Amino acid sequence: ALGVLALLGSRVPVALKIFLMALAIIDDLGAIVIIALFYTSDLSVLSLSVAAVAIVVLALLNVFNVRRTGIYILVGMVLWTAVLKSGVHATLAGVIVGFFIPLKEQDGKSPARQLEHVLHPWVGFMILPLFAFANAGVSLAGVTLDGLTSVLPLGIIAGLFIGKPLGISLFCWLALKLKLASLPNGTTFSQIMAVGVLCGIGFTMSIFISTLAFGANAPELIVWAKLGILIGSLLAAVIGYTLLKVKLSGQAVQA
């Protein structure tokens with residue numbers, strides 16, 4: 001979604017970019033919570049206890065302002081192993097570790113920002129592309145129109161292209177009406193709605209959850225789910241880009 005937004009260049013207000021980035025982060029966190037709650041195997045009390053101890057250690061490190069990221073990574077490895085063995089999806093461990101690494105600057109240095117700076121090239125140019133390459137492949141053999149119009153792909157397309165934009169726009173509208181928030185300078189609600197459509201672009205977590213949901217026992221359902229994700233994301237990208245381009249052009253003409 002941020003890549004599509006970048007196609008519009010400097011015409012996009014900074015506030016809209018921040019809004020989209022915040023939505024993307026919250027969306028991924030929500031997906032991780034769903035994975036932890038609904039895609040877990042039998043729970044191990046011992047492993048959960050070890051994970052709880054590791055979380056307490058991380059909290060103490062943060063409270064005492066320990067700023068060596070290596071220590072957090074070591075404890076994080078213990079936490080990741082414990083969470084993996086506990087039956088809860090191990091993705092949750094990385095989120096927990098991230099919450100405890102100090103963000104506040106001291107002597108001009110922020111451990112969290114330094115770690116982000118180190119990891120960003122690896123994540124952006126290797127991990128995410130490899131993940132997408134390994135998981136997004138869709139075999140079109142046996143794909144029929146009847147299959148594409150079945151409940152599963154249509155439901156996913158509707159969720160990405162209609163459900164997410166509608167939910168985002170509705171809650172933003174409620175926040176404005178209840179005066180819990182206000183529109184940033186230089187933005188309009190129609191632009192917020194267009195960004196909401198762009199939020200329907202979803203590959204990584206959507207594909208990941210579909211793989212967890214159907215597993216190796218129903219590979220044909222994973223194919224239909226991936227097709228639904230790709231079509232829904234494509235619709236969201238094209239329509240969202242077009243809407244936002246029109247709204248930004250209209251604002252420029254009025255100015």
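Okay, so the sequence shown: first residue is 1 according to full-length UniProt numbering, each after it adds one. Each residue gets a CB set at the ideal place from its N, CA and C atoms; glycine is no exception. Note that the coordinates shown come from a computational prediction; the quantities given were computed from them, not determined experimentally.
Spatial neighbours of GLY94 in its chain, beta-carbon cut-off 8 Å, leaving aside the 5 residues before and after: Same-chain partners within the cutoff: GLY76, TRP80.
Among LEU235, MET21, ALA175, GLY147, nearest to GLY200 - alpha-carbon criterion: Measuring from the Cα of GLY200, the nearest candidate turns out to be LEU235.
Stretch-stretch touch, CB-based, cutoff 8 Å, three pairs: the segment 202-216 with the segment 167-175: When Cβ pairs closer than 8 Å are counted between the two stretches, the segment 202-216 is seen not to touch the segment 167-175, the count staying below three.
Sub-8 Å separation of LEU180 and ARG11 beta-carbons: If you check the CB distance, LEU180 and ARG11 do not come in under 8 Å.
Bridge partners - GLN106, DSSP secondary structure assignment: The partner list for GLN106 (beta bridge, DSSP) reads LYS109.
Distance CB(HIS89)-CB(TYR39) smaller than 8 Å: Result yes, Cβ atoms of HIS89 and TYR39 sit closer than 8 Å.
Proximity test, Cβ basis, 8 Å: LEU176 and chain D: The structure shown contains no chain D, having only a single protein chain.
Sequence-distant residues of its chain with Cβ nearer than 6 Å to GLY196 (five each side left out): Same-chain partners within the cutoff: PRO165, ILE168, SER169.
Short Cβ contact (8 Å threshold) for LEU43 with LEU198: No, the pair does not count as a contact, with Cβ atoms beyond the cut-off.
Three-state secondary structure (DSSP) of CYS199: Judged by DSSP in its simplified three-state form, CYS199 adopts coil rather than helix or strand.
Proximity of LEU61 and ILE71 at Cβ, strictly below 8 Å: Cβ atoms of LEU61 and ILE71: closer than 8 Å.
Selection from PRO13, LYS177, TRP173, ALA213 that minimises the alpha carbon distance to ILE34: Among PRO13, LYS177, TRP173, ALA213, the Cα nearest to that of ILE34 belongs to ALA213.
Of the residues VAL97, GLY232, ILE192, ASN217, the one placed nearest VAL246, counting alpha carbons only: For VAL246, the nearest C-alpha among the options comes from ILE192.
As assigned by DSSP and simplified to three states, the class of THR188: For THR188, the secondary structure class from DSSP, reduced to helix, strand or coil, is coil.
For LEU221 and LEU103, the rounded distance between their alpha carbons: The straight-line gap from Cα to Cα measures roughly 42 Å.
Nearest residue (CA-CA) to ASP146, options TRP224, ALA15, ALA1, LEU37: Cα-wise, what sits closest to ASP146 is TRP224.
LYS226 to LEU154 span [Cα, whole Å]: Rounded to whole angstroms, LYS226 to LEU154 spans 11 Å at the Cα level.
Own chain, CB closer than 6 Å to THR69, minus 5 neighbours either side, in chain order: Listed in chain order, the non-local C-beta contacts of THR69 below 6 Å within the same chain comprise PRO111, LEU115, local neighbours out to five positions each way being set aside.
ALA52, buried or exposed, once every other Cβ within 10 Å from all chains shown has been counted against 16: Taking every protein chain shown into account, the CB of ALA52 has fewer than 16 other CB atoms within 10 angstroms, so this residue is exposed.
Residue interval of the alpha helix (DSSP H) (run including LYS164): Counting along the chain, the alpha helix (DSSP H) containing LYS164 begins and ends at 164-177.
Backbone secondary structure at ILE73 - three-state DSSP: Look at ILE73 here: in three-state DSSP terms it is helix.
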